[in-house]
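Participant: One structure, as structure tokens, below. Some questions next.
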Amino acid sequence: MEILHDSSLSYKTFVTDSSKDWVVFLHGLGGDWNIFHKQIDYFKDHFNLLFIDLPGHGKSPLIKRRKNLLSYTAKKVLTLMDSLSISSAHFLGVSLGTIIMQSIAMTQPHRIKSMTLAGAAGKWLKWGELLGRVTISFPFSHLLPYMVPFKVFAHIVLPKSNHSKSRNIFIREAKKLGRYAYLSWANVIRNSYKTYERLKDKTNNIPKLYVSGDEDHMFIQGITNHVKRESLAKLHIIQKCGHVCNLEKAAEFNQVAFNFISGISAESAYAEIS
């Protein structure tokens, strides 16, 4: 349970048994690995767990003037896995974390045993995309304190009263980001649809489980349409739940995600024996 870090990514591991499968957890914008605190006890006795702070989040630094932050981060995640001798793993991500996973899937699909995508950020509703572009474009991004557009973004994505706890955590953690990290990652999320567009031309055999709240109004329509085009993808919708479903409805999320990953893990073990 020690916290370790290489020169780029801070991370935490829970190692139960070296023979067990690994699950890699990737958080959303503004958070760090602690957003998965409700998943740790549910998973740690059955899998080895790797929690990663994305660049600019938690204790992971963000190197400025990085031309392609998305591909850079995907490569750093794989490098970290190499350093820990993890040849492949199950991936579980939330929001921004799902975009990182998709980037890895396009270039190194053999490193991913399965993908659990919570609050997947694919195609935005048109008005949300437009508002997002305005708030992070010049001159607004330079004139406004960065937390102003971030709070607007938080209330757009998590608008209801039952989302308030997740929204408050979202905003609180984002204060640690700083302007440069926020704007860099906001551009990645704004253009997340491009990743999903590129996926249309890619085929892989990675089993995927998308988990969305029925109140995740900004993204659920786009994700529902996307899942229909993926032969190995399933969608589980949690009722009365918003964007950050691993926090808002942790009990249901844990059960669904755990059953999915355990099933894939068991199938892989059986195939190896056979």
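Numbering of the sequence shown is given in our numbering, commencing with residue -12 and proceeding in unit increments.
Here a beta-carbon is modelled for each residue, glycine too, at the ideal position from N, C-alpha and C.
Only a predicted model underlies this, so the values are computations on that prediction, with no experimental measurement involved.
S70: buried (16+ other C-beta within 10 angstroms of its C-beta) or exposed?
Facilitator: With fewer than 16 Cβ atoms within 10 Å of its Cβ, S70 is classed as exposed.
Participant: Which residues in the same chain as A237 place their Cβ atom closer than 8 Å to its Cβ, once the five residues preceding and following it in sequence are excluded?
Facilitator: Closer than 8 Å at the Cβ level, and outside the excluded window around A237, lie K25, Q26.
Participant: Which partner residues does S199 have in the DSSP bridge list?
Facilitator: DSSP, once it has assigned bridges, lists I224 as partnering S199.
Participant: Which of helix, strand or coil does DSSP assign to H97?
Facilitator: H97 falls in the helix class under three-state DSSP.
Participant: Which residues does DSSP list as the beta-bridge partners of W9?
Facilitator: N35, per the DSSP bridge assignment.
Participant: What separation, rounded to the nearest whole angstrom, lies between the Cα atoms of K(-1) and H77?
Facilitator: Approximately 16 Å, taken between the alpha carbons.
Participant: What is the residue span of the beta strand (DSSP E) that H77 lies within?
Facilitator: 76 to 81 is the span of the beta strand (DSSP E), which, as asked, contains H77.
Participant: Identify which residue in S249, G250, H142, E160 has its Cα closest to the Cα of D203.
Facilitator: The shortest C-alpha separation from D203 is found at H142.
Participant: Just the C-alpha distance for V97 and I73, rounded to the nearest angstrom, thanks.
Facilitator: Checking the sequence, you will find His at residue 97 rather than Val. H97 and I73: Cα-Cα distance of roughly 12 Å.
Participant: What's the gap between the Cα of I251 and the Cα of F245?
Facilitator: Their Cα atoms are separated by approximately 10 Å.
Participant: Considering only residues of the same chain and omitting the five flanking positions on each side of W114, which have a CB-CB separation below 8 Å?
Facilitator: For W114, the pLDDT reaches just 49, beneath the cut-off of 50, and the residue's location in the model is therefore unreliable, although a value from the coordinates is still provided. Result list for W114: empty, nothing under 8 Å.
Participant: Would you identify the three-state DSSP class for M205, choosing helix, strand or coil?
Facilitator: Reduced to three states, the DSSP call for M205 is coil.
Participant: Cβ atoms of N233 and V64: under 7 Å apart, would you say?
Facilitator: Cβ atoms of V64 and N233: not closer than 7 Å.
Participant: Starting from the Cα of A107, find the closest Cα among N155, P132, D201 and give me that residue.
Facilitator: Among N155, P132, D201, the Cα nearest to that of A107 belongs to D201.
Participant: Relative to the C-alpha of S255, which residue among K7, I156, L13 is closest?
Facilitator: Residue K7 is the option with its Cα nearest to S255.
Participant: In whole angstroms, what separates the C-alpha of Y169 from that of S179?
Facilitator: Y169 and S179: Cα-Cα distance of roughly 15 Å.
Participant: Does DSSP put T182 in a helix, in a strand, or in coil?
Facilitator: Correct three-state label for T182: helix.
Participant: Do you know how far the Cα of T103 is from the Cα of L145?
Facilitator: So the alpha carbons of these two residues sit roughly 21 Å apart.
Participant: Residues in the same chain with beta-carbon distance under 7 Å from T211, minus the five sequence neighbours each way, listed in chain order, please.
Facilitator: Hits under 7 Å: L222.
Participant: In this structure, does DSSP put A141 in helix, strand or coil?
Facilitator: It is helical.
Participant: Should N192 be labelled buried (16 or more other beta-carbon atoms within 10 Å of its own) or exposed?
Facilitator: By the 10 Å Cβ count, N192 comes out exposed.
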